[in-house]
Amino acid sequence: MRCATHPDVETNLRCGKCGKLICPKCQVQTPVGARCPDCARLYKLPTFRVSTKHYLRAVGTGLGAAIICGIAWGAISTVIPFLYLNLLLAPGVGYAIGELISLSVNRKRGTGLAVIAGIAMAISFLVTIFFFPRGISFFVSNILYLILDLAALALGIFIAVTRLR
Ligand SMILES: [Zn+2]
Ligand SMILES: [Zn+2]
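Here you go:
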């Protein structure tokens, strides 16, 4: 018997779902056994099955967390004007936002949820700018600050996204 996708490979393995002949080259291990690539694509872990309800909850939680964390973040960085502070605060905010969204969707994961977390993190950053403006002239005159802030934002987004991907 030969693999349906690789006619040059002899095999006696079958896809556990559709029964198609598969070989070690194309079989995909899932928690419910070996599958052909087609069936493996259709099979999704419960963790990755995300409904509209979850997306709505993620957006609501993300937005709320973004605003609250953004205000706290801006307040702290105004009180403590330490140049590298955002590099410490942004990952903390990213973690908090990612964690809160994750809790709101019962620890589900997925690209869509990760994108929501990333956007929430970016909104949080914008909140700090709008509520605690340092002024555009400040950024223009201090390119180092701008670079550090963007690095901090990137770090925060990375951490927020990682919690939901
Ligand atoms: Zn199959
Ligand atoms: Zn094969």
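Under the numbering used here, think of the first position of the sequence shown as 8, with each following residue one higher. Think of the CB as a built atom: it goes at the ideal place given N, C-alpha and C, for glycine as much as any other residue.
query: Which partner residues of G40 appear in the DSSP bridge assignment?; result: T37
query: Note the first and the last residue of the continuous alpha helix (DSSP H) segment covering V86.; result: 59-86
query: With hydrogens ignored, establish whether the beta-carbon of I130 is closer than 7 angstroms to any heavy atom of ligand 2.; result: no
query: Could you check the C-alpha separation between L153 and G117 for me, to the nearest Å?; result: 31 angstroms
query: What separation, rounded to the nearest whole angstrom, lies between the Cα atoms of T12 and I29?; result: 7 angstroms
query: Going by C-alpha distance, which of L70, P31, I123 is nearest T169?; result: I123
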